[in-house]
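Accompanying notes for the structure given below.
Numbering (the numbering used here), first residue to last: 46 to 124.
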């Protein structure tokens, strides 16, 4: 795996993990003001979620890198 494909794998993993982490800790507003969305969270805590996403993605990327470079999974077509 070269650096470019490694970066692309990390980006895909990061986005997948972000969408899994987004619903954690979401509390809806009890008293919705006129003009506001009733489904919007009170506090999104996005910095915590971005940090958690980056940490989990780094761990998953290392696992993916090991599996790909060790030859457990062959991603190239046979010659």
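Ideal Cβ positions, reconstructed from N, Cα and C, are used throughout, including at glycine. Nothing here was measured: the structure is a model prediction, and the numbers come from that model.
Member of the options whose CA lies at the smallest distance from the CA of residue i
| i | options | result |
| --- | --- | --- |
| residue 54 | 87, 120, 109, 86 | 109 |
| residue 62 | 120, 97, 117 | 97 |
Span separating the alpha-carbon of residue i from that of residue j
| i | j | result |
| --- | --- | --- |
| residue 76 | residue 86 | 12 Å |
| residue 72 | residue 89 | 8 Å |
| residue 58 | residue 67 | 14 Å |
| residue 106 | residue 51 | 8 Å |
| residue 114 | residue 69 | 33 Å |
| residue 125 | residue 82 | Any answer about residue 125 is impossible in this case: the structure gives the chain only from 46 up to 124. |
| residue 121 | residue 46 | 11 Å |
| residue 101 | residue 65 | 11 Å |
| residue 99 | residue 91 | 12 Å |
| residue 116 | residue 93 | 35 Å |
| residue 79 | residue 49 | 48 Å |
Beta-carbon separation (whole angstroms), residue i vs residue j, contact threshold 8 Å
| i | j | result |
| --- | --- | --- |
| residue 104 | residue 112 | Incorrect: roughly 13 Å between the Cβ atoms, too far for contact. |
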